[in-house]
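K.L.:
One structure follows; several queries about it will come next.
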Amino acid sequence: MIDSHYEWQVLADSVTDEEQALATTLNMPTVMIQLLKQRGLTSRTEIEAFLNPSPEEINDPFMLHDMERVIDRINEALMNGEHITIYGDYDTDGITSTAIMYETLMMLDADVDFYVPNRFTDGYGPNKDVYQRLITQGTQLIITVDNGVAGHAAIDFANEQGVDVIVTDHHEIPSELPAAYAIIHPQHPASEYPYKYLSGVGVAFKVATALLEEIPQEMMDLVALGEIADLVALTGENRVLVTYGLKMLAQTTRPGLQALMELVGVGLHEVTAEQVAFGITPRLNAIGRLQSAQIGVELLVTQDPERASDLAQQVNQLNDTRKQIVAEIVTQAKEQLAKLDLTTQKTIILAGDGWHEGVLGIVASQVVELTHRPTIILTQENNKLKGSARSIDGFDLYQALAPHAELFSAFGGHAGAAGLSLATDNLAALKKAFEDE
């Protein structure tokens, strides 16, 4: 059995005069003041803003770089009757992003559909073959959500076909941006947007707000789902979006969410972040882990109660299957861990034949919980390895792995999570590079 290796640091028992004064002023226990201080909140103003999020912290969407250009291009497409395709992603953040952008354009009477890449056949992000198929079928404008900032090849292809691509994303920005028509990203090098940590659904929500010229409050239930699922920092604008999103979720009129919440046992009159994180989002994530996530978007946008109930049942069953698969792989992973000397290793890479690639991120997270070490879990097939990485505080996966791009046939991600593919022959080199970081 492997023990947890979390390193707890106990703060001194003493309370400073400043902490005591804040505790008295705010009528809070001193231990709470100390905990908030560890989050960087040291003044009364900061603490009150953190505990009582205000809609005033929701920033003007036009502060995002390229937003005016995006709105002008979409309005042009609306006027000309162009066929628009929303190109999403298969996790909860991607599903909710797709649903928000699709609903927004439907409200504007757009000729619009959506496509969610299949994890197993399309991979993550823009795919040239898929773009070609969409364009052949009549797509005249592509809008990515929760992906695209690293999709150079597919976007270049679309440009060659005379089809514009608007990218909305929040993932790590590469050294060279793709030649998209426009890029909406809170960390864009040319952006002056004051808050940098929106998730994919947060970025899609900003575009929706700009298009509709008002905050679409009825979509904030989806924002809460995507933001919580993607584990973004619940500070600043994110905290406001999630706070009010949870209130909307408690009174959602979406038949799909109502049916799923009933199955999960989440009440419609009070919904917590914990219920979302451990009850709803694992089920939405399970769809794309095992099959196409198209039905996830349909679940969120359908207005047909009967169809919603059927989809919710399918989603719940997929989650049960996902849990069984994860349990089997974790058992095998523990057997491999037992053979390692964890007193000398700073990182962990485990590989298994035929491990289901759709759940490797979950397995990696569980191994991190067990060992408190950055972890890569890989599945092997036909002399190729494909997998997911998860990290710990203070270890940036993207910065650790990106310098070794020559080892990978595909790589992408951010500080806390990444996906990668490589030839089996490169595994030893990857282990050394990962350990040396």
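Start counting the sequence shown at 49; every next residue gets the next number (this note's numbering). Cβ atoms here follow ideal geometry from the backbone N, Cα and C, with glycine treated the same way. This one's a predicted model, so the numbers in the text were calculated from it and none came from an experiment.
By Cβ distance below 7 Å, which residues in the same chain neighbour Ala238 in space, the five residues on each side in sequence not counted?
P.N.:
His113
K.L.:
Round the Cβ separation of Leu445 and Ala458 to the nearest angstrom and send it over; I've been treating them as touching at under 8 Å.
P.N.:
That belief does not hold up - the Cβ atoms of Leu445 and Ala458 are roughly 15 Å apart, past 8 Å.
K.L.:
Compute the beta-carbon to beta-carbon distance between Thr329 and Thr90, rounded to the nearest angstrom, for a pair I have assumed lies under 8 Å.
P.N.:
Incorrect: roughly 32 Å between the Cβ atoms, too far for contact.
K.L.:
Indicate whether Gly336 and Val312 have their beta-carbon atoms separated by less than 8 Å.
P.N.:
no
K.L.:
How many angstroms separate the CA atom of Gln180 from the CA atom of Ala202?
P.N.:
Going by C-alpha positions, Gln180 is about 9 Å away from Ala202.
K.L.:
On the DSSP bridge assignment, give the partners of Thr192 in chain order.
P.N.:
Tyr135, Val215
K.L.:
Relative to the C-alpha of Ala198, which candidate in Val213, Thr184, Glu208 has its C-alpha closest?
P.N.:
Val213
K.L.:
Residues in its own chain within less than 7 Å of Gly402 by CB, not counting five upstream and five downstream?
P.N.:
Thr427, Glu429
K.L.:
CB-CB under 6 Å to Leu70, same chain, minus the five flanking residues each way: which ones, in chain order?
P.N.:
Ile81
K.L.:
Between which two residues does the alpha helix (DSSP H) harbouring Lys176 extend?
P.N.:
176–184
K.L.:
By DSSP's criteria, Ser469 is part of a beta bridge. Which residues make up the other side?
P.N.:
Lys434, Ala458
K.L.:
Can you tell me whether Gly344 is helix, strand or coil according to DSSP?
P.N.:
helix
K.L.:
Buried or exposed: which applies to Thr73, given that a residue is buried once 16 or more other Cβ atoms fall within 10 Å of its Cβ?
P.N.:
exposed
K.L.:
Given Asp194, which residues of its chain have a CB within under 6 Å of its CB, disregarding the five upstream and five downstream residues?
P.N.:
Asp137, Asp141, Gly142, Ser145, Gly248
K.L.:
Please report the distance separating the alpha-carbon of Leu332 from that of Thr291.
P.N.:
20 Å
K.L.:
Just how far apart, CA to CA, sit Val415 and Ala325?
P.N.:
19 Å
K.L.:
Go ahead and pull the three-state DSSP assignment for Asp161.
P.N.:
strand
K.L.:
Give the straight-line distance between the Cα atoms of Tyr241 and Val363, rounded to the nearest whole angstrom.
P.N.:
37 Å
K.L.:
Helix, strand or coil for Ala14, going by three-state DSSP, please let me know.
P.N.:
No information on residue 14 is available, as it lies outside the stretch 49 to 485 that the chain covers here.
K.L.:
Flag this pair as touching only if the stretch 156–169 and the stretch 374–384 have three or more C-beta atom pairs under 8 Å; answer yes or no.
P.N.:
no
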